[in-house]
Amino acid sequence: MSATKEAKIVVVGAGFAGLAAAATLVRAGFQNVQILEANGRVGGRVHTTRPFSQNIIELGANWIHGQEGNPLFQLAKEHGLLVEGVSASKVMCLPRSVTPRDYFFRQGGRQVSTESVDQVCSLFSKLTSKAFESELEDKHRALSLGSYLDAAFAESPLAASEDGQRLFEWCKRSECTDEASSSLYEVSASQIGYYIALEGGFFNSLGPGGYQAILDILLKDLPSEIILTNKAVKSIHWDLKEQLQANEKGGLNHPVKLICEDDGVFEADHVIVTVSLGVLKQQAGTLFKPSLPKSKLTAIEQLGFGTVDKIFLCFNERFWPEDCAGIQLVWDEGPEDKSVYTSHSEGEAWKETWYKKICGFDSVARHPTVLCGWITGREALHMETLQDSEVGDACVRLLRSFTGWSVPDVSKVLISRWGLDPQVLGSYTFVPHNVNGVKEHEALAAPIPFQNKIPESKPLQVLFAGEATHVNFYTTTHGAYMSGVREAQRLITHYTTKTVTS
Ligand SMILES: Cc1cc2nc3c(=O)[nH]c(=O)nc-3n(C[C@H](O)[C@H](O)[C@H](O)COP(=O)(O)OP(=O)(O)OC[C@H]3O[C@@H](n4cnc5c(N)ncnc54)[C@H](O)[C@@H]3O)c2cc1C
């Protein structure tokens, strides 16, 4: 064992990024690794629960996105955690893979024909693929994703029919779930091409243990004393030159000190910060002393971090047909309409109609009497402030008025509140219109101090991981995992090089 492997490393946060970083370091032989986690549980935005029965409900991440090159898919496969053949669209309500068995209803109870749904959804899929595959025409490159889609759709004959237009709005609202945005007018059309969708789709669902089963595999590799839960870090003091000078006379020689909310103090040679972009947006100003370099603060400000929430409705009996994979709501107008969204004169009126942001209710695997509604952006944040019962009642009213079916009262309601969760403050990252995503993701990922600026400082004092730091796989669990491995590897390389050259 090399002496350098005794370096003190503190990881802040026990989501996929933090756990992957710690597991990689421990596997490489580092003996002084500690994870400080603010919450009483590990997993972060992965939260597998069992609120209705012994079967799982995922309040956070649900799908493994892509197979080839996806380390979490590999891990799940190796450990027999996958169930084949479940379509993602059933839970994610994605237009790109929408199944014909979704029932689409216009306001007022008219069902939209499957043919219209298929035509519009497949056009929408084609248009978004152009953006994802960086094949946009020049005239569209500078636009927001919403404006590009509007312009491209206007050229299609489908735009001539009212059903076509309304379905297209549904597609856009549904796409907001993927982009974690209030509206696609907030999202860059051209930058989305840097996000890489791994081959293999996401047709492999996790088995009955859900995402928790993958977390458990990582946890098995970590000695339990490594993780301290209920340990919120209040401040990270880096580049402690005064302390270093004093300590050079015969004490510890750690350039970083962490102070926790409970006044616990930890010293470290390296800290890997994995807190969400939402937490950084709120706390970067107070969390780091001295303050972060300007390029980092700019990245934190520029990148978008939106809210996506799930609304689980548990009924005593199933009222929707067996072949109905989801009940999709095609609004006559709503928050995604450009005029409504971009109008500054609207004030707070949108709060009264927050439920118009719900694009539909999907059936839930292993729960025949449960539906899952999806809501994003500012309307999701507003919904989080309401009582569960109020949200449940609003959803039942929607289901009754759109379908005309006899919908019973809901028996249990469970909603996620990722936007108000103080340890997350949102759901995942997107690249806003007019922002250079690659530049900002890279700036966020860069360790400090920057060696070219402060050559006398100890290197790699504070490193950054987490989904928001990944240029190509931001928003995903595998992006988070890979970013943790990346930062652990950065330290492993640093010490390997040091050992070789000394
Ligand atoms: C509703 C929803 C659905 C999603 N669906 C999918 C999906 O289907 N597939 C997919 O791939 N991804 C999905 N995601 C995204 C995925 O969950 C995240 O990208 C990933 O889990 C992020 O991991 P992370 O380690 O970067 O951050 P986190 O999981 O947020 O971990 C950061 C940790 O830091 C802790 N922390 C915060 N502040 C402090 C502090 N001061 N001191 C100590 N600890 C602190 C937090 O408590 C947290 O545990 C979804 C997310 C949400 C919210």
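Count along the sequence shown starting at 1, add 533, and that's the number in the working numbering.
For glycine and all other residues, C-beta sits at the position ideal for the given N, C-alpha and C.
### Query
Heavy atom of ligand 1 less than 6 Å from the Cβ of E570, yes or no?
yes
### Task
Indicate the three-state DSSP secondary structure (helix, strand or coil) for L731 in the structure shown.
coil
#### Entry: Endpoints, the beta strand (DSSP E) within which P901 is located
900 to 909
### Task
Just tell me which of A765, D842, P854 has its CA closest to the CA of L820.
A765
### Query
Beta-carbon separation of L558 and A998 under 7 Å?
no
### S896, enclosing beta strand (DSSP E) - first and last residue
893 to 897
### Task
Keeping to the same chain, check which residues put their C-beta closer than 6 Å to that of V770; ignore five residues upstream and five downstream.
According to the sequence displayed, residue 770 carries His and not Val. Around H770: K790, K822.
#### Entry: Beta carbon of V863 nearer than 7 Å to that of V653
no
### Task
Report the residue ranges of all alpha helix (DSSP H) runs contained in full by the stretch 920 to 1008; include only those spanning at least 4 residues, in chain order.
921 to 936, 970 to 978
### Query
Would you call S586 buried or exposed, if buried means 16 or more other Cβ atoms sit within 10 Å of its Cβ?
exposed
### Query
To the nearest angstrom, how far is it from the Cα of G837 to the Cα of R1019?
22 Å
#### Entry: Backbone CA spacing between D671 and V929 [nearest angstrom]
45 Å
### Task
Name the one or two DSSP bridge partners that Q567 has.
V543
#### Entry: Complete runs of the alpha helix (DSSP H) confined to the stretch 660 to 745 [at least 4 residues]
671 to 674, 678 to 687, 695 to 712
### Task
In the DSSP assignment, find the unbroken alpha helix (DSSP H) run with S828 in it and report its ends.
827 to 835
### Message
Do H1003 and G1017 count as a contact pair if the criterion is CB distance below 7 Å?
### Response
no
### Query
Once you ignore the five residues that flank D651 on each side, which residues in its own chain have a CB closer than 6 Å to its CB?
none
### Message
Between N603 and ligand 1, is there a pair consisting of the residue's CB and a ligand heavy atom that are separated by less than 6 Å?
### Response
no
### Message
Which of the three DSSP states is assigned to Q644 in this structure?
### Response
strand
#### Entry: Buried or exposed (CB count within 10 angstroms, at least 16 for buried), A550
buried
### Query
Run through DSSP, which three-state label would A801 get?
strand
### Query
Applying the criterion that 16 or more other CB atoms from any shown protein chain within 10 Å of the CB defines a buried residue, is S965 buried or exposed?
The sequence as given places Pro at residue 965; Ser does not occur at that position. P965 is buried by the Cβ-count criterion.
### Query
Leaving out five residues before and five after A609 in sequence, what residues of the same chain have Cβ atoms less than 7 Å from its Cβ?
I597, L615, L739, I747
### Query
Between G548 and G577, is the Cβ-Cβ spacing less than 7 Å?
yes
### Message
Give me, in chain order, the residues of the same chain whose beta-carbon lies closer than 6 Å to that of L731; leave out the 5 immediate sequence neighbours on both sides.
### Response
G599, E601, G602, N603
### For Q815, the first and last residue of its enclosing alpha helix (DSSP H)
810 to 820
### Query
Once you ignore the five residues that flank L931 on each side, which residues in its own chain have a CB closer than 8 Å to its CB?
L862, Y888, I891
### Task
Given a cut-off of 7 Å, decide if T1008 and G743 are closer than it, judged by their beta-carbon atoms.
no
### Query
For T582, which of helix, strand or coil comes out of DSSP?
strand
### Reduced DSSP category for L552 - H, G, I as helix; E, B as strand; rest coil
helix
### Query
Can you tell which of G733, V545, V812 has its C-alpha closest to the C-alpha of T762?
V545
### Query
Less than 6 Å between the CB of S960 and some heavy atom of ligand 2, yes or no?
No copy of ligand 2 occurs in the structure displayed; its ligands are ligand 1 alone.
### Query
Does any heavy atom of ligand 1 sit closer than 6 Å to the C-beta of N595?
yes
### Task
Throw me the rounded Cβ distance for the L958 and G811 pair, which I believe falls under 8 Å.
3 Å
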